[in-house]
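Report on the structure given below.
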Amino acid sequence: MSDNSLRSGQRRRFIKSAGAATVALLAGCGGNESSESTAGDDGDGDSGASTGEQSNDITTLTVRHFVNDHIETFYEKHNPILKKKHGIKVDFETMGWGVARKKQNNSISTRTGPDVEEIASTWMPQQVNSDGWMDLEEAGVSMPTDNIYESPLQIGKFDGVRAGFPWFWGPRGHIYYKSLFEEAGIDGPPSTWDELANDASKYNKQAEKWEQEGYNTRYLFGIPGANNWAVVQYYMMLIWQNGGSVIDGSKPTFDSDAAVEALNFYKDLSTTHKASPQASVEWNGVARNNAFSSKRIASTWQGLRVANDIDAELGVGKPPAGPRGESSTFFGVNLMGIHPWTKKKSEAATFIEYLMQPAVNAELAKGSGFLPTIKSSFEQEAFQGELYQSFSEDVLNNTNAKTAPQVVGWGDVSGAIKGAVTKVLTKAATDSWSEGDTQKALQQAAMQAENALQG
Numbered sequence: 001m002s003d004n005s006l007r008s009g010q011r012r013r014f015i016k017s018a019g020a021a022t023v024a025l026l027a028g029c030g031g032n033e034s035s036e037s038t039a040g041d042d043g044d045g046d047s048g049a050s051t052g053e054q055s056n057d058i059t060t061l062t063v064r065h066f067v068n069d070h071i072e073t074f075y076e077k078h079n080p081i082l083k084k085k086h087g088i089k090v091d092f093e094t095m096g097w098g099v100a101r102k103k104q105n106n107s108i109s110t111r112t113g114p115d116v117e118e119i120a121s122t123w124m125p126q127q128v129n130s131d132g133w134m135d136l137e138e139a140g141v142s143m144p145t146d147n148i149y150e151s152p153l154q155i156g157k158f159d160g161v162r163a164g165f166p167w168f169w170g171p172r173g174h175i176y177y178k179s180l181f182e183e184a185g186i187d188g189p190p191s192t193w194d195e196l197a198n199d200a201s202k203y204n205k206q207a208e209k210w211e212q213e214g215y216n217t218r219y220l221f222g223i224p225g226a227n228n229w230a231v232v233q234y235y236m237m238l239i240w241q242n243g244g245s246v247i248d249g250s251k252p253t254f255d256s257d258a259a260v261e262a263l264n265f266y267k268d269l270s271t272t273h274k275a276s277p278q279a280s281v282e283w284n285g286v287a288r289n290n291a292f293s294s295k296r297i298a299s300t301w302q303g304l305r306v307a308n309d310i311d312a313e314l315g316v317g318k319p320p321a322g323p324r325g326e327s328s329t330f331f332g333v334n335l336m337g338i339h340p341w342t343k344k345k346s347e348a349a350t351f352i353e354y355l356m357q358p359a360v361n362a363e364l365a366k367g368s369g370f371l372p373t374i375k376s377s378f379e380q381e382a383f384q385g386e387l388y389q390s391f392s393e394d395v396l397n398n399t400n401a402k403t404a405p406q407v408v409g410w411g412d413v414s415g416a417i418k419g420a421v422t423k424v425l426t427k428a429a430t431d432s433w434s435e436g437d438t439q440k441a442l443q444q445a446a447m448q449a450e451n452a453l454q455g
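Per full-length UniProt numbering, residue 1 is the first one in the sequence shown, and the count goes up by one each step.
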């Protein structure tokens, strides 16, 4: 999802405990396709179509994934189990985000490459249209649909094709420091935008007392700004919270009255409401995370990756609702799919089903810093902590969770939205914003988006 600087095309092969499957920093987050580097891969090539190699009734399954630090450890443990119980040896390779889309599309066009591969949800529409993924149900995969969270489950299906199993996801909750909220007299995260603004006013009074004690200036809240590649995702959260939508069919709707109000609230967080530092308009994700870990901000919208590195008591609640809508959040999702050229359909289906086991799904998610998509995975020991259980109860089960629209051309649409949001946030920060600027910027972006959607 986010770190395009990770090394690409890294291939690892295990003889006794070969690897499989990876997760990455949220492919499903829908990074801007139009900004990706496609300068070519690093020459390691693809493994070619499956050969059906077998030895002593052991079938070698080839799998390709986005880079992830945890995957090697995961398969050092699970490959022996796959081999013993299912007769499968997994041979895996990883790919960096700078070359991932080109690699996948090359495999799809040439009908060569791995049997199983990780899917970025925003790339799925074009790839399904190019017959890049086998329908999992037709492949014989038994999907425990009643035990998978509905939002990520829906993303795995496009144009009637159940292309992928969502093996982990990263919904955002309102994460906060309990001690800072309590000291400021704030009882948990706000349920509405108005409460967020009111809480900011209360928190700022306490911040003045902290400054007198020698602390740096502190703020209630902060989310990334114009320099974050995911700024579109935060804007979409605000649109959904205010009852708006991003695209309706093939028509952009992110310039509606509800959407204009949402972007104005985004800019007002650091200006009118003073809930966020003025500098947050320029923040990228790292700057926001640093501000949170140093307690410069007391809360933020984030998944659990940032919480895993903080040694303090944190709480989590659902994000707030705007005046026109309901609590809504963005989630990234990574999926696993089977390519139609595989000669090992049965083994590929068995492998996908193995990843659906609650204990396995929990281990994948926990090790990668995300959340399991299998509901009963939260019964596993790894997710018994209060923060995880609160995330499950308050965010996953009681929040409208959405991800980027699955449409061909989303990269260009996302780029147009980012340009408008960045322009508005920057104008607000430099005191050059005027009434009507937000609507104008979004209308211009919607015209660009409509051209992209019409092809």
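The beta carbon of each residue, even a glycine, is placed where N, CA and C say it ideally should be.
If you're wondering where the values come from, they're calculated on a predicted model, not measured in any experiment.
Exercise. Could you pull the start and end residues of the beta strand (DSSP E) that His174 belongs to?
Key: Secondary structure note for His174: its beta strand (DSSP E) is the uninterrupted segment Gly173 to Tyr177.
Quiz item: Touching or not, the region 324-337 and the region 390-404, by the rule of three or more beta carbon pairs under 8 Å?
Solution: The answer is yes - the region 390-404 touches the region 324-337, with three or more Cβ pairs under 8 Å.
Quiz prompt | Beta carbon of Ala184 nearer than 9 Å to that of Lys202 | solution = Their beta carbons are under 9 Å apart, which means Ala184 touches Lys202 by this criterion.
Practice problem: Check Tyr219 in the structure and name its three-state DSSP category. | Solution: In the three-state reduction of the DSSP assignment, Tyr219 falls in the strand class, which pools E and B.
Quiz prompt | Collapsed DSSP secondary structure at residue 458 in the structure displayed | solution = The requested residue 458 does not occur in the structure, where the chain is confined to residues 1 to 455.
Quiz item: Exposed or buried, which one is Gln212 when buried takes at least 16 other CB atoms within 10 Å?
Solution: Under the 10 Å beta carbon count, Gln212 is surrounded by fewer than 16 other beta carbons and is classified as exposed.
Quiz item: Are Arg305 and Gly173 closer than 9 Å when you measure CB to CB?
Solution: No, the Cβ-Cβ distance between Arg305 and Gly173 is not below 9 Å.
Exercise. Would you please state the rounded distance, in angstroms, between the beta carbons of Ala197 and Ala258? I believe it to be under 8 Å.
Key: Wrong, their Cβ atoms sit about 18 Å apart, outside the cutoff.
Practice problem: Tell me where the beta strand (DSSP E) around Leu61 begins and ends. | Solution: That run of the beta strand (DSSP E) goes Ile58 to Phe66.
Exercise. Use the C-beta contact count for Thr145: other C-beta atoms within 10 angstroms, 16 or more gives buried, fewer gives exposed.
Key: Using a 10 angstroms sphere on the CB of Thr145, the tally of other CB atoms stays under 16, which defines it as exposed.
Quiz item: Cα separation between Thr426 and Pro224?
Solution: Thr426 and Pro224: Cα-Cα distance of roughly 13 Å.
Quiz item: Where residue 471 and Phe181 are concerned, what is the direct C-alpha to C-alpha distance, given to the nearest angstrom?
Solution: The requested residue 471 is not part of the displayed model; the chain covers only 1 to 455.
Quiz item: On the three-state DSSP scale, how would you describe Asn95?
Solution: Here the sequence assigns Met to residue 95, which means Asn is not the residue at that position. Taken through DSSP and simplified to helix, strand or coil, Met95 comes out as strand.
Quiz item: For the putative contact between Gly164 and Trp133, defined by C-beta atoms under 8 Å, what is the C-beta separation to the nearest angstrom?
Solution: Their Cβ separation, rounded to whole angstroms, is 7 Å, which keeps Gly164 and Trp133 in contact under 8 Å.
Practice problem: Look at residue 456 and Val90 and say whether their C-beta atoms are less than 9 Å apart. | Solution: This structure does not reach residue 456, given that the chain is present from 1 up to 455, and the question cannot be answered.
Quiz prompt | Neighbourhood of Pro319 by C-beta distance below 6 Å, restricted to the same chain and skipping five residues each side | solution = His174, Trp301, Ser327 and Thr329.
Quiz prompt | Backbone secondary structure at Met236 - three-state DSSP | solution = Reduced to three states, the DSSP call for Met236 is helix.
Quiz item: At a cut of 8 Å, does the region 427-443 reach the region 240-249 through at least three beta carbon pairs?
Solution: With a cut-off of 8 Å, the region 240-249 and the region 427-443 do not count as touching, because too few Cβ pairs lie within range.
Quiz item: Under the three-state reduction of DSSP, which class applies to Asn308: helix, strand or coil?
Solution: In this structure, Asn308 counts as helix in the three-state DSSP scheme.
Quiz prompt | Simplified DSSP state of Trp167, which is helix, strand or coil | solution = Under the three-state reduction of DSSP output, Trp167 falls in the strand class.
Quiz item: Going by DSSP, which residues form a beta bridge with Thr350?
Solution: Looking at the DSSP output, Thr350 sits in no beta bridge, so it has no partner there.
Exercise. Return yes when the Cβ of Gly303 is within less than 9 Å of the Cβ of Pro394, no when it is not.
Key: With the sequence shown as reference, residue 394 is identified as Asp, and Pro is not the correct amino acid for it. Their beta carbons are not under 9 Å apart, which means Asp394 does not touch Gly303 by this criterion.
Quiz item: Which word fits Asp118, buried or exposed, when buried means at least 16 other C-beta atoms lie within 10 angstroms of its C-beta?
Solution: What sits at residue 118 in the sequence shown is Glu, not Asp. Glu118 is buried by the Cβ-count criterion.
Quiz item: For residue 464, which of His65, Leu220, His78 and Lys85 has the nearest alpha-carbon?
Solution: With the chain running from 1 to 455 in the structure shown, residue 464 is simply not present.
Quiz item: From Ile417 to Ile247, what distance separates their C-alpha atoms?
Solution: Ile417 and Ile247: Cα-Cα distance of roughly 12 Å.
Quiz prompt | Glu313 - DSSP class collapsed to helix/strand/coil | solution = Coil.
Quiz item: If Phe74 sits next to Thr94, beta carbons under 8 Å apart, how far is it from one beta carbon to the other, in whole angstroms?
Solution: Going by Cβ atoms, the distance from Phe74 to Thr94 rounds to 12 Å, so no, they are not a contact pair.
Self-check item: CB of Ser299 within 9 Å of CB of Leu396, strictly
Solution: No, these two residues do not count as a Cβ contact at 9 Å.
Quiz item: Taking all protein chains shown into account, do 16 or more other C-beta atoms lie within 10 angstroms of the C-beta of Ser368, making it buried, or fewer, making it exposed?
Solution: With a threshold of 16 other beta carbon atoms within 10 Å, Ser368 meets it and is buried.
Quiz item: Of all Cβ atoms in chain D, is any one closer than 9 Å to the Cβ of Tyr149?
Solution: You won't find chain D in this structure, because it holds only one protein chain.
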